[in-house]
Amino acid sequence: MGFLKISHIAIAVENLEVAKKAFEALTGNKVEVVEDVPDQRVCVGMLPVGESRLELAGPTDPSSTIAKFIEKRGEGVHHICFEVEDIKAELTRLKSAGFQLIDEQPRLGADGHLIAFIHPRTTGGVLVELSEKMK
Ligand code: ZN
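Residue numbers are given in my numbering: position 106 of the sequence shown equals residue 220, and the series is strictly consecutive.
As structure tokens, then:
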């Protein structure tokens with residue numbers, strides 16, 4: 115067990131089009147997928163970097179959590195996502211180790227993944243996401 119790799123680093127951006135250009139220029143790579151996530155009221159652009167990727171997340175509505183994050187802290191790193199083999203087992207392990215889970219049960223994320231979030235209070239101020247690719 116243990117985390118397998120960094121799946122993605124999510125960056126909260128005010129304007130996805132502007133950020134897309136900036137991060138494409140920075141990395142020399144292209145945003146491959148742009149996906150609306152209506153239930154979180156964000157639009158995300160996935161920019162591959164090696165075996166990980168940057169997830170540029172721009173709010174589509176002022177009520178989205180990304181919009182509130184930017185309002186409070188400005189643009190910047192929003193969360194780090196680790197890929198895991200068995201998300202349920204990891205959640206059980208982390209809970210018993212004293213980490214505060216935002217999602218007690220994994221839920222359906224984008225692109226055929228099960229995801230869950232760990233509260234930044236117990237992870238050095240960094241919002242942590244776990245992700246398991248569904249087979
Ligand atoms: Zn994510």
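The beta-carbon is built from N, C-alpha and C at its ideal position, and this holds for glycine as well.
Ordered by chain, the residues meeting the criterion of a beta-carbon within less than 5 Å of a non-hydrogen atom of the ligand ZN are A124, C195, E243. The beta carbon of V242 is closer than 8 Å to those of H193, I194, C195, F196, F231, I232, P234 in its chain, skipping five residues each way along the sequence. Selection G142, R207, V148, D217 evaluated against A171 yields V148 as nearest (Cα-Cα). T141 and V158 do not touch by the CB rule: their CB atoms are close to 16 Å apart, not below 8 Å. The Cβ atoms of I201 and S245 lie closer than 9 Å to each other. Per the coordinates, the alpha-carbon of I123 lies some 19 Å from the alpha-carbon of S178.
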